[in-house]
Amino acid sequence: AQSVTQLDSQVPVFEEAPVELRCNYSSSVSVYLFWYVQYPNQGLQLLLKYLSGSTLVKGINGFEAEFNKSQTSFHLRKPSVHISDTAEYFCAVSRGSSYKLIFGSGTRLLVRP
Amino acid sequence: DAGVIQSPRHEVTEMGQEVTLRCKPISGHNSLFWYRQTMMRGLELLIYFNNNVPIDDSGMPEDRFSAKMPNASFSTLKIQPSEPRDSAVYFCASRPKRADNEQFFGPGTRLTVL
């Protein structure tokens, strides 16, 4: 069965510092990969997705992620974070065009001034 | 464009009462999902509809939970009778008919059962 591991439950970082949120998935077949962000008391919003092609994917709000097939990873990065980036971030994987989105447990990004 | 609409946004009820959560998917989307989010279990898929037909309800916790989609623009999730352990945030999501599996989430309903 598919699984997604987000290694860090919480990542504290100072404003304007770079950040990387880690995500590993288990699969040996083609997958679609997603990062969602959840701001307090809101639903999940898509940051970016990888379907195929270039392994570096750029998303909204200055975020990007790199698909690494050999390491089965899809880490999320931002070169300089803002206070407004404080939120919960979820990595998700879908096997091909399956309807099932398997979510990781989430990483809470806490940006401090 | 309007996103996925859910109502109510907050619901507080007493144990044993019936609770009905409502969802209006994005127009033109043909798939609808109900999820439950708790601190302990994270995001769980409860049920998946495709073209208004329930395809996978294996995530529905027990018979107290039921979901319907009478038409392409409306779905309900009902809990009867409700229990304190049902307290959670319930999300509805919809998806267009295309190859990837990007799902569009509503703002959620925070349910508290006392």
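Chains A and B are the protein sequences, given in the same order.
Counting from 722, one number per residue, gives the positions in the first sequence under the numbering used here.
Counting from 27, one number per residue, gives the positions in the second sequence under the numbering used here.
A virtual CB, placed ideally from N, CA and C, is assigned to each residue, including glycine.
Bear in mind the structure is a predicted one, so any value in this text is a computation, not a measurement.
Cutoff 7 Å: residue i Cβ touching any chain B Cβ
i: Lys-799(A); result: no
i: Phe-824(A); result: yes
i: Lys-779(A); result: no
i: Leu-742(A); result: no
i: Ser-815(A); result: yes
i: Lys-770(A); result: yes
i: Leu-765(A); result: yes
i: Tyr-746(A); result: no
i: Val-810(A); result: According to the sequence as given, residue 810(A) is Tyr; it is not Val. Tyr-810(A) does not count as touching chain B.
i: Tyr-760(A); result: no
Same chain only: Cβ atoms within 7 Å of residue i, ignoring 5 sequence neighbours per side
i: Thr-46(B); result: Thr-102, Lys-104
Sub-7 Å separation of residue i and residue j beta-carbons
i: Asn-78(B); j: Ala-98(B); result: yes
i: Ala-742(A); j: Leu-797(A); result: Note on residue identity: the sequence assigns Leu, not Ala, to residue 742(A). Yes. Within cutoff.
i: Tyr-757(A); j: Leu-769(A); result: no
i: Gly-774(A); j: Phe-117(B); result: no
i: Gly-134(B); j: Val-115(B); result: yes
i: Pro-761(A); j: Pro-800(A); result: no
i: Glu-787(A); j: Leu-772(A); result: no
i: Arg-111(B); j: His-55(B); result: no
i: Glu-736(A); j: Pro-834(A); result: yes
i: Gly-68(B); j: Ser-819(A); result: no
i: Gln-837(A); j: Cys-744(A); result: The shown model of chain A, from 722 to 834, leaves out residue 837(A), and the question about it has no answer.
Expected contact under 8 Å - CB spacing of residue i and residue j to nearest Å
i: Leu-72(B); j: Phe-100(B); result: 17 Å between Cβ atoms; not a contact.
i: Thr-793(A); j: Ser-747(A); result: 7 Å
i: Asn-76(B); j: Ser-53(B); result: About 16 Å separates the two Cβ atoms, so there is no contact after all.
i: Ala-119(B); j: Val-38(B); result: Not really, about 24 Å apart at Cβ, beyond 8 Å.
i: Cys-49(B); j: Gln-63(B); result: Going by Cβ atoms, the distance from Cys-49(B) to Gln-63(B) rounds to 15 Å, so no, they are not a contact pair.
i: Cys-812(A); j: Phe-795(A); result: 6 Å
i: Gly-42(B); j: Ser-113(B); result: That pair is no contact at about 14 Å.
i: Trp-60(B); j: Ala-93(B); result: 6 Å
Minimum Cβ-Cβ distance from residue i to chain A less than 7 Å
i: Leu-69(B); result: yes
i: Gln-106(B); result: no
i: Asp-126(B); result: yes
i: Phe-100(B); result: no
i: Gly-54(B); result: no
i: Lys-133(B); result: The amino acid occupying residue 133(B) in the given sequence is Pro; Lys does not appear at that position. For Pro-133(B), the answer is yes, since a Cβ of chain A falls inside 7 Å of its Cβ.
i: Phe-117(B); result: yes
Residue span of the beta strand (DSSP E) that contains residue i, given as start and end
i: Leu-72(B); result: 68 to 76
i: Thr-828(A); result: 828 to 833
i: Gln-792(A); result: Careful: Gln-792(A) lies outside any beta strand (DSSP E) and carries neither H nor E.
i: Tyr-810(A); result: 808 to 816
i: Leu-767(A); result: 765 to 771
i: Asp-82(B); result: 79 to 82
i: Thr-138(B); result: 135 to 139
i: Ser-120(B); result: 114 to 121
i: Leu-47(B); result: 45 to 50
i: Lys-779(A); result: 777 to 779
i: Ser-730(A); result: Here Ser-730(A) belongs to no beta strand (DSSP E), and DSSP marks it neither H nor E.
i: Ile-105(B); result: 100 to 105
i: Gln-723(A); result: Segment: none, Gln-723(A) is in no beta strand (DSSP E) and carries neither H nor E.
i: Ala-93(B); result: 91 to 97
i: Ser-747(A); result: 745 to 747
Own chain partners of residue i with C-beta closer than 8 Å, once the 5 adjacent residues on each side are dropped
i: Lys-821(A); result: Gln-723, Ser-815
Own chain partners of residue i with C-beta closer than 6 Å, once the 5 adjacent residues on each side are dropped
i: Ser-751(A); result: Gly-817
i: Ile-823(A); result: Gln-723, Val-725, Val-814
i: Ile-81(B); result: Tyr-74
i: Arg-829(A); result: Gln-731, Glu-809
i: His-36(B); result: Arg-136
i: Glu-40(B); result: Leu-140
i: Gly-716(A); result: What the structure shows of chain A is the stretch from 722 to 834, and residue 716(A) is not part of that stretch, so it cannot be assessed.
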